Amino acid sequence: MPNFPPEEFDTRRSRACAALRVADLDAIVLFAPESQYWLTGYDTFGFAMFQAMVLDADGGIDLLTRLPDLRQAQNTSILSTECIHVWPEVEGADPARDLAALLTRRGLAGRRIGVETRTAGLTHHAGQRLDAALPGLIEASDLIPALRRVKSPAELACIRRAASLSDAALDAALATTGPGAFEGEIHAAMQGAILSAGGEPAANETIIGSGANALLCRSFAGRRVLDDTDQLTLEWSGSWMRYHAAMMRTLVIGTPNAAQRRMHAAAVEALEACEAALVPGRPMADVFEAHARVFDAHGLHAARLQACGYHMGIAYAPIWVEFPMFHAGNPLLLEAGNAVFLHMILMDSASGLAVTLGHSLILGATGPERLSRHDTALIQL
Numbered sequence: 447m448p449n450f451p452p453e454e455f456d457t458r459r460s461r462a463c464a465a466l467r468v469a470d471l472d473a474i475v476l477f478a479p480e481s482q483y484w485l486t487g488y489d490t491f492g493f494a495m496f497q498a499m500v501l502d503a504d505g506g507i508d509l510l511t512r513l514p515d516l517r518q519a520q521n522t523s524i525l526s527t528e529c530i531h532v533w534p535e536v537e538g539a540d541p542a543r544d545l546a547a548l549l550t551r552r553g554l555a556g557r558r559i560g561v562e563t564r565t566a567g568l569t570h571h572a573g574q575r576l577d578a579a580l581p582g583l584i585e586a587s588d589l590i591p592a593l594r595r596v597k598s599p600a601e602l603a604c605i606r607r608a609a610s611l612s613d614a615a616l617d618a619a620l621a622t623t624g625p626g627a628f629e630g631e632i633h634a635a636m637q638g639a640i641l642s643a644g645g646e647p648a649a650n651e652t653i654i655g656s657g658a659n660a661l662l663c664r665s666f667a668g669r670r671v672l673d674d675t676d677q678l679t680l681e682w683s684g685s686w687m688r689y690h691a692a693m694m695r696t697l698v699i700g701t702p703n704a705a706q707r708r709m710h711a712a713a714v715e716a717l718e719a720c721e722a723a724l725v726p727g728r729p730m731a732d733v734f735e736a737h738a739r740v741f742d743a744h745g746l747h748a749a750r751l752q753a754c755g756y757h758m759g760i761a762y763a764p765i766w767v768e769f770p771m772f773h774a775g776n777p778l779l780l781e782a783g784n785a786v787f788l789h790m791i792l793m794d795s796a797s798g799l800a801v802t803l804g805h806s807l808i809l810g811a812t813g814p815e816r817l818s819r820h821d822t823a824l825i826q827l
C-alpha cells in the first residue's frame, strides 16, 4: 500500500500536470526515483536498472520496468496493473525502444515530451540509448523537484518523524562513545535506534570518522577504536517513509582544547546567522554568505567549505541531498514549507582539528523551526 492517502497523490498529480502545461509539454519521462515515489508511491531500488515513468498532461501515468519490480509497483504505488509494463530481458534487449513503443501506444509519438536526466536513475549509457530511440526529448530535470521543494503537511510530518529518529541516533551515539569505544559499535547503535523505531536506512551512508579521519566529509571503509583524547565526526539522518532530516556533530573525547572551543563557538555563531537568513523570499545565497561571513571573521576561511547545507526531503541512494545547495550566488528563493539541513563544517588541516554542527529545519512563514531537541553545545565525552 502507498504511504500516503489517495488525496495526497491526487494533489501531487494535479500540480505536476499544471507544471507540464506551463512548460508547454505534453508529457514527461521520469527517471528520478524521488519523482516516481512522490508522484505515485512507487518505492524500489530498481532504478539501478532501466526503468521509466511517463506522466502526460492529462494525468495518465505508466511505468516501464523489469519483472522483479512488477509486484513492487503493485504493492507500493497507486498504479493499476494495466499501467505497469515489463520490458523483456533477453539478449539484445533495448528498453529505450520499448519506452518509445509505449509512448507511441499512448499517442505521444512526435509530441513535446520532457525528460529527467539529472538523476542517478539514468546512466550515461542508458541516456545514449534513450537519445537514439527518442530523439528530440526536452530537458526537464527541474520540473518535479521544483514542486517537491514546498512540502505538504503530510510530508512535513514525515520529516519531523525523521528528525526524531536522528535525535534517537544521537542519543545512542552519546551512550556508546568514549575512550576505547569502537566506531563500529557506535555506528551499530545509531542505526539500531533508527531501524528499531521503524525507520529505514538513509539514502547515503553515515559518515563516521575519528582521529585524523574526523576531518573527512565522506564515508570510507575501516573502523578504529577511540583514543583517550580524540575527536569523532558524525553525519547521519533518520529516514521515515524515505523522507530525511540530517544532523551533524563532532564529539570531543577527553577535554576540549582552546582551539576546539573557539572553533565550536564560531560554528554556533555561524549556524545562528544562517538561521536568521532563512526567511521566505530571500535567496539561498544569503544563507551561505552569513556562514562565510562569520567564519571568515574568525579567521577560519581556510577551514570552511564552499557550501553550508541544502534542502531535504525524499531521497534514494547514493545521496540524501535535495539540490540545490546553499552556496555562493545561488539565486533560488526560499519558501515557507521548505525543509533544509544546515551544516557548519570546519576541517582545519593545519591543527588536525574538526568541528561540525548541523541540524534540519522547516521554514515557516516567519522563520525557521529547529527540528532537533538537542542543543548546540559542545559535546564532551
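Numbering (the working numbering) for the sequence shown: 447 to 827. Ideal placement from N, C-alpha and C gives every residue a C-beta, glycine not left out. Quantities reported herein were computed from a predicted structural model and do not represent experimental measurements.
- Query: Mind checking residue 629: buried by the 16 CB within 10 Å criterion, or exposed?
  - Reply: Position 183 of the sequence shown, counting from 1, holds the residue named residue 629. Here residue 629 is buried, its C-beta having at least 16 other C-beta atoms within 10 Å.
- Task: Decide yes or no for the touch test of the stretch 604-611 against the stretch 628-647: beta carbon pairs closer than 8 Å, at least 3 of them.
- Result: Cβ pair count under 8 Å is three or more, so yes.
- With a cut-off of 8 Å, do at least 3 Cβ pairs link the stretch 799-818 to the stretch 528-540? Touching, no, given that fewer than three Cβ pairs across the two stretches are closer than 8 Å.
- Query: Looking only at C-alpha atoms, which of 558, 499, 452, 448 sits nearest to residue 472?
  - Reply: Against the sequence shown, residue 472 aligns to sequence position 26. The shortest C-alpha separation from residue 472 is found at 558.
- Query: Given residue 797, which residues of its chain have a CB within under 8 Å of its CB, disregarding the five upstream and five downstream residues?
  - Reply: Taking the sequence shown and counting its residues from 1, one reaches residue 797 at position 351. So the list reads 705, once near-sequence residues are dropped.
- Close beta carbons around residue 820, own chain, < 7 Å, minus the five adjacent residues each side: Position 374 of the sequence shown, counted from the start, is the residue given in the question as residue 820. Non-local beta-carbon contacts of residue 820 in its own chain, meaning distances under 7 Å to residues more than five positions away in sequence, involve 613, 616 in chain order.
- Which two residues bound the contiguous alpha helix (DSSP H) that contains residue 773? Position 327 of the sequence shown, counting from 1, holds the residue named residue 773. Unbroken run through residue 773 is the beta strand (DSSP E), 768-773; no alpha helix (DSSP H).
- Query: Out of curiosity, what's the CA-to-CA distance linking residue 598 and residue 495?
  - Reply: As a first step, residue 598 is located in the sequence shown; it is residue number 152 there, counting from the start. As a first step, residue 495 is located in the sequence shown; it is residue number 49 there, counting from the start. Here the C-alpha atom of residue 598 lies approximately 30 Å from the C-alpha atom of residue 495.
- Between which two residues does the alpha helix (DSSP H) harbouring residue 707 extend? One-based indexing of the sequence shown puts residue 707 at position 261. Counting along the chain, the unbroken alpha helix (DSSP H) around residue 707 starts and ends at 704-723.
- Message: Assess contact between the stretch 652-660 and the stretch 765-777, defined as three or more Cβ pairs (one per stretch) separated by less than 8 Å. Is contact present?
- Response: Because the criterion of three Cβ pairs below 8 Å is not met, the stretch 652-660 and the stretch 765-777 do not touch.
- Query: Between residue 719 and residue 782, what straight-line distance do the alpha-carbon atoms span, to the nearest angstrom?
  - Reply: To locate residue 719, count along the sequence shown from 1; it is residue 273. To locate residue 782, count along the sequence shown from 1; it is residue 336. Distance between the alpha carbons of residue 719 and residue 782 is about 19 Å.
- Indicate whether residue 565 and residue 666 have their beta-carbon atoms separated by less than 7 Å. Your numbering for residue 565 matches position 119 in the sequence shown. Your numbering for residue 666 matches position 220 in the sequence shown. Inclusion of residue 565 and residue 666 in the CB contact set at 7 Å is not warranted, their separation being larger than that value.
- Query: Residue ranges of each alpha helix (DSSP H) run of no fewer than 4 residues wholly in the stretch 509-540, ordered along the chain?
  - Reply: Complete alpha helix (DSSP H) runs here, min 4: 516-522.
- Query: What number of angstroms, rounded off, separates the C-alpha of residue 746 from the C-alpha of residue 792?
  - Reply: In the sequence shown, counting from the first residue as 1, residue 746 sits at position 300. In the sequence shown, counting from the first residue as 1, residue 792 sits at position 346. Rounded to the nearest angstrom, the two C-alpha atoms are 8 Å apart.
- Task: Kindly indicate which residue of 498, 780, 787, 824 has the alpha-carbon position closest to the one of residue 573.
- Result: Working through the sequence shown from its first residue, we reach residue 573 at position 127. Residue 498 is the option with its Cα nearest to residue 573.
- Looking at C-beta atoms only, is the number of pairs between the stretch 600-609 and the stretch 681-693 that lie closer than 8 Å three or more? Short answer: they touch.
- Task: Within its chain, find whatever has a CB closer than 7 Å to the CB of residue 777; leave out the 5 residues flanking it on each side and keep chain order.
- Result: As a first step, residue 777 must be located in the sequence shown, where it is residue number 331. These residues qualify, in order along the chain: 729, 731.
- Message: Which residue wins for smallest C-alpha separation from residue 638, given the options 551, 619, 623, 654?
- Response: What you label residue 638 is simply residue 192 of the sequence shown in a count that begins at 1. Nearest C-alpha to residue 638: 619.
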